[in-house]
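First up is the structure itself, then whatever we jot down about it.
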Amino acid sequence: MEQILKILDIEGVRLAVGLLAVFLFVVVNALILTWAERKVAGHMQLRIGPKEVGPYGLIQPLADAMKLLGKEIITPRNVDKPIFYLGPIMIFIPVLVAFVVIPFDSYLQVRDINVGILVILAFSSFTVLSILMAGWGSNNKYSLIGSIRSIAQSVAYEIPLLLSLLAVIMMTNSLSLKDVVVAQKGIWFIFLQPVAFIIYFIAAVAETNRTPFDLPEAESELVAGYHTEYSGMMFALFFLAEYTNMFIVSAITVTFFLGGYQGPFLPGIVWFLLKSYFLVFVMMWFRWTFPRVRFDQLLNISWKALIPLSFINLLVTGGLLKL
Amino acid sequence: MVDKVQAELKSAFSDLTIHEESYPECGYHLSLDLAAGDLEKAARFFDDRRFYLAVELCVDYREYLEIVYIFSIHSSLCKVKVTLKIDPVNPVAPTLSKVFDCAWWYEREIHEFYGVRFDGHSDMTYLFLHDGIDVYPLRKEKVLVAEADRLELNSFSPEQREDSLSINMGPQHPSTHGVLRVVLRMDGEYIEDAYPVLGYLHRMQEKMAENRTYQQFLPNTGRMDYLGAMSYNLGYVTAVERLVGIDVPARAHYVRMIATELNRIASHLLWVGAYLADLGGLSPFLYAFDDRENLLDVLEAVTGSRLTYCYFRFGGLYNDVDDAFVAGTKAFVARMRGRFALYEKLVGGNVIFINRTRGIGVIERELARKCAVCGPVLRGAGIGMDFRKAEPYAAYAEMNFEIPTGRNGDALDMYHIRIREMETSLDIIDQSLARLSDGPFMVEKPPKKLKPRKGDLYHTVETPRGELGIYIVSDESDKPYRMKWRVPSFSNLMAFPELAKGNLLSDAVAILGSLDLVIPEIDR
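Chains as they are written, first to last, in our numbering: chain L, 1 to 323; chain A, 1001 to 1524.
Rendered as structure tokens:
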């Protein structure tokens, strides 16, 4: 045991094991979330969701995954091949990187970087790039419009996302996620920064392209938006990325506003997952309750409401801290 | 109103004879036969008096082709049939598309079915048919399509321009509910022009009608508008009964109304669900279907089918209803009355829904009249026109119900009108149930073979989507000589290009949904 711990202390090994664990977690998380989404949707819609495959339909996502793996990857004519293939692969990089710096527990963190949140935000901007690649490379008008929408949306919502986190960072004076969690030992930041929390969560839903902000893939207008032309595993990668992103934004919310892994009685990792999955549930709840907002309304919410509000929030926070 | 119009017509067209017709028999009050030169003048005459062109159709009488225009008015009951006889060898007629927008569509239809060319019409391409059909299908004799005409019919090509993007919405598109294709010319996300392309579900129902007896055609009616099959059934049955002169027992009338109103609620429920799904909210769909399922169970027990009903017969019903049906209907009415609060919470009061629909797709009264828009869409524009009140059929005259109207004519109004129409349908069902007494459900001697009188009839009923007009020409045989269906979705679609212009792509989906189009009905 001691030997194992010793080996784990070596930087390279820790990173490798961590990445492997992250990769496993990403896959398992996506499987659980697809199952959960279908169950939640079912019960919200007077149905019961999957129930045939395995107990309570738990094996259903696995069966779906096998089905998707077995499907042919169709390459439509006239697509821009390198870009077309790179799109779904690229979407996975930011997803993996984000996990490296998230503290699941006081000891469960692949690496504590002193600019942790900057790393996450910088890499999450990559998502836009891969959506653009998918939309442009597909050589399909629906895909193109979907990806253009996605870019406008991401640009608009990254600003309030950043500004709301900045308010917290001003209070902790550190960009390290671990420090942010430790700073919440006495009181969670959701009580000190309620406005920032709301702004962050709305922007996060928009960043993950979930209803009511799912315009890039609005199926009644754009068929399936930027991933219209993808099939089989390529489509599954987009799918996987969406669910992982949902977890990541929830995890960041928990880290910044809900005390991270801290909580009484239960071990930290349990608290962390409980809080994160609760937020994921809230996002599913949104999806199955609200219709979709319109494109111009979406941008208006960000530019005219969220951004001014987060600036005011920053000013007030700064003023109070100075006092 | 009729006398006034007659007097004014007399002074405007002094050299013409204006025939006074028997409204109960023909379904119109006045008729006049015009020469081609007078047509536009007559159209302007009716346009000035705020009439709308209910339908334009053609009948092949072998010696001549007759183009029939039915003019009607929203404010009172006055219908005028205007006819124009043209030469069958070289059929040319003047166009009315400059006066009434809806004529643009009807004339395209007449052109491909009869080969009539319309002088001054801007687009004579195929509307329902496609290349490869080498005869004009509705002509009584075989008339081949001339080469020049074929080229003109095939000349449609979506405009390709450097500075704009053209998108095909449909025929396989999630929000066109069926196979409607709209070619959108886009400037970014804004729509510059919308051009509907029809005919993907065309089955030539009108030709089928000419080759079947009246009884044989009855099941076809439910296949046109599959969501309002009962209304189509009722419309066809009452039209033929009016033509032949059959008096239906009272019990049959009430059961017909109960069944039709239940069907109307089912249709509106489906619309609520599908419309919200168009706007991205998927859950209300399931709630609406839960209610609809309850309703379909009630209807299934008595009619034997769940969607394409064929329950009414000439002279009555297919079979009588039992106590279980009455109890089931009462239970459904009670359940449904309690559900509106839920819809208000889930849909009507939702801020996102209100923002998506308020001020979108506003129907102006003038546009509504020019396109002969009908049903909830027309009532949304504030014109309280409902054929259940305006021209009562079955026993609607005895019923006490209100006609919900909107103020702004936007998509939000259409939603509220359809919700309130469900409530009025419940009122009608309640009253019909109260009057439902024992008695025969069928006339004593159901007619074996129907041989109506010689002549024509224009009969209108109100389907869930609006004004359904059935024009039947009878030659005293047991098959109709000509049967024209004036379908509500078609005229509502005519308003769509105008409504979509200058709006966002997302709004186009919201507008198209608010019109509640059923494509098999348009294509027939």
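We treat Cβ as the ideally placed atom computed from N, Cα and C, and that holds for glycine.
Remark: fewer than three beta-carbon pairs, one from each stretch, lie closer than 8 Å, so the region 1184 to 1192 of chain A and the region 1204 to 1219 of chain A are not flagged as touching. C-alpha of L/S138 to C-alpha of L/N245: approximately 23 Å in a straight line. The contact set of L/L46 on chain A, defined by CB atoms closer than 8 Å, consists of L1286, Y1287 and D1290 in chain order. Measuring C-alpha to C-alpha distances from A/A1288 to each of A/T1303, A/N1319 and A/R1335 identifies A/R1335 as the nearest. Spatial neighbours of A/R1242 in its own chain (CB-CB distance under 8 Å, excluding positions within 5 residues in sequence) are listed in chain order as P1024, E1025, G1027, L1457 and H1459.
For the region 296 to 323 of chain L, the residues whose beta carbon sits under 8 Å from a beta carbon of chain A are, in order, D296 and Q297. Excluding sequence positions up to five before and after A/R1482, its CB lies within less than 7 Å of the CB of V1059, E1210 and V1473, all in the same chain and listed in chain order. Neighbours of A/G1281 across chain L, judged by C-beta separation under 9 Å: T211, P212, W288, T289, F290, P291 and R292.
Contact note: L/K141 reaches chain A through L1165 and I1167, using a C-beta cutoff of 7 Å and chain order. In the DSSP assignment, A/L1505 falls within the alpha helix (DSSP H) that extends over L1505 to S1514.
Proximity of chain L to A/I1352 at the Cβ level (cut-off 7 Å) is accounted for by P212, F290, P291 and V293, in chain order. Across the set L/L165, L/A203, L/F213 and L/L177, the C-alpha of L/L165 shows the shortest separation from the C-alpha of L/I190. Secondary structure of A/V1461 (DSSP, three-state): strand. Cβ atoms of A/G1222 and A/Y1232 come within 8 Å of each other, at about 6 Å. DSSP places A/N1400 outside both helix and strand once states are collapsed to three, so it counts as coil.
Contact annotation: A/I1352 and A/G1409 have beta-carbon atoms that are not nearer than 9 Å. Taking the C-beta atoms as reference points, L/M233 is found nearer than 9 Å to L/L69. Of the other Cβ atoms in all chains shown, 16 or more fall within 10 Å of the Cβ of L/A134; this residue is therefore buried. It is roughly 45 Å from the alpha-carbon of A/H1416 to the alpha-carbon of A/D1475.
A/L1053 and A/I1070 have their C-alpha atoms roughly 6 Å apart. Within the DSSP bridge table, the entry for A/W1485 names A/I1470 as partners. Here A/D1456 is bridged, per DSSP, to A/V1473. At least 9 Å separates the CB of A/L1034 from every CB of chain L. Within chain L, no C-beta atom comes less than 7 Å from the C-beta of A/L1517; the nearest is roughly 14 Å away.
Nearest Cα to A/N1400 within the set A/R1465, A/R1388, A/L1378 and A/A1411: A/R1388. With contacts defined by Cβ atoms closer than 9 Å, A/I1360 and A/D1507 form a contacting pair. Taking 8 Å as the upper bound for CB-CB distance, A/S1283 and A/A1411 are not in contact here, some 19 Å apart.
Within the model, the alpha-carbon separation for A/Y1126 versus A/S1014 is close to 39 Å. In this structure, the CA atom of L/D64 is about 10 Å from the CA atom of L/A236.
Looking from the CA of A/I1519, the closest CA among A/H1019, A/G1170 and A/L1030 belongs to A/G1170. The beta carbon of A/L1450 sits no closer than 9 Å to any beta carbon of chain L. The beta carbons of A/A1372 and A/V1055 sit closer together than 9 Å.
Put simply, the backbone Cα of L/V168 is about 34 Å away from that of L/R38. Considering only A/P1088, A/S1097, A/S1164 and A/M1204, the residue with the shortest C-alpha distance to A/I1133 is A/M1204.
Here the region 200 to 207 of chain L lies against the region 248 to 263 of chain L, with 3 or more beta-carbon pairs under 8 Å apart. Among the CB atoms of chain A, one or more fall inside 9 Å of the CB of L/I145.
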